[in-house]
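Peer 1: Sharing a structure here in structure tokens format.
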């Protein structure tokens, strides 16, 4: 029987991928989701297996709430057939996307897209998966440094993430009876493919952003993956209902 299992949405790339690898190195089995990158998801599965771990990858669009019952059924089946378990231990609501939309020009479609991926999806996916979560488990919602650091064009994205941060506290209160801890992280600027990889690939942007960070550089995926693995450990068992800023001290 597998000791601990983490379900990570958006695990095939970016920060989700790094989180999965860090957890796998600590002996945590992974159920990861991907939206369209089946090849990337399979590559991650193989990497985790090469580390001696186990991973199952399942397709999921977190903005498609109608698909959640079928997804939950697939998770239940994977728990039984692949891990000899009935419940998993950790849920990381990570999947999402960035979108630049100035307030005066933003459309309802853009608004709905961001709310769907970053608020509606995590709310109703978590709700659907709660019966499959172990008592004493952990839920980690991935927010954003944009909630704290403003930049024109990212207000709608930040608003969705801010709502998720607020919800995190209420989830912690309501799930406390099951000893499920609920926290959030707010990553700062990270060198990934987020927003087309602008922080990672544009030297001018990278240099400019680094000057706003106390530690003098932009973040790397390992900065977040390692933090997530630590936060899901028993060492952080008394943290609950809190959003952790993981930015290297950006704009402080």
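Numbering (the working numbering), first residue to last: 283 to 534. Each residue gets a CB set at the ideal place from its N, CA and C atoms; glycine is no exception. No experiment lies behind these values; they were computed from the predicted model shown.
Here's the rule: buried if 16 or more other CB atoms are within 10 angstroms of the residue's CB, otherwise exposed. What is residue 489?
Peer 2: Exposed.
Peer 1: Out of curiosity, what's the CA-to-CA distance linking residue 301 and residue 420?
Peer 2: Spanning the two alpha carbons is a distance of roughly 14 Å.
Peer 1: Between which two residues does the beta strand (DSSP E) harbouring residue 527 extend?
Peer 2: Residues 525-528.
Peer 1: Return the CA-CA distance between residue 416 and residue 456, expressed in angstroms with no decimal places.
Peer 2: The alpha-carbon atoms of residue 416 and residue 456 are separated by roughly 15 Å.
Peer 1: Might you give, ordered along the chain, the residues of its own chain that have their beta carbon closer than 8 Å to the beta carbon of residue 521, omitting 5 neighbours on each side?
Peer 2: So the qualifying residues of the chain are 463, 465, 513.
Peer 1: For residue 428 versus residue 440, is the C-beta distance shorter than 8 Å?
Peer 2: Yes; because the gap between Cβ atoms is below 8 Å, this pair is in contact.
Peer 1: Under a three-way DSSP split, which group does residue 365 fall into?
Peer 2: Of the three classes helix, strand and coil, the one that applies to residue 365 here is helix, per DSSP.
Peer 1: With residue 509 as the anchor, note down where its alpha helix (DSSP H) starts and where it stops.
Peer 2: 503-513 is the span of the alpha helix (DSSP H), which, as asked, contains residue 509.
Peer 1: I need the straight-line Cα distance from residue 474 to residue 328, nearest angstrom please.
Peer 2: About 21 Å.
Peer 1: Can you tell me whether residue 408 is buried or exposed? The criterion is at least 16 other CB atoms within 10 Å of its CB, across all chains shown.
Peer 2: Counting Cβ neighbours within 10 Å, residue 408 comes out buried, since at least 16 surround it.
Peer 1: On the DSSP letters alone, give me the boundaries of the beta strand (DSSP E) that residue 469 sits inside.
Peer 2: Run containing residue 469: 463-469, per the beta strand (DSSP E) assignment.
Peer 1: Got a sec, what are the start and stop residues for the beta strand (DSSP E) residue 288 sits in?
Peer 2: 287-290 is the span of the beta strand (DSSP E), which, as asked, contains residue 288.
Peer 1: Report the three-state DSSP secondary structure of residue 439 (helix, strand or coil).
Peer 2: Looking at residue 439 - three-state DSSP - the assignment turns out to be helix.
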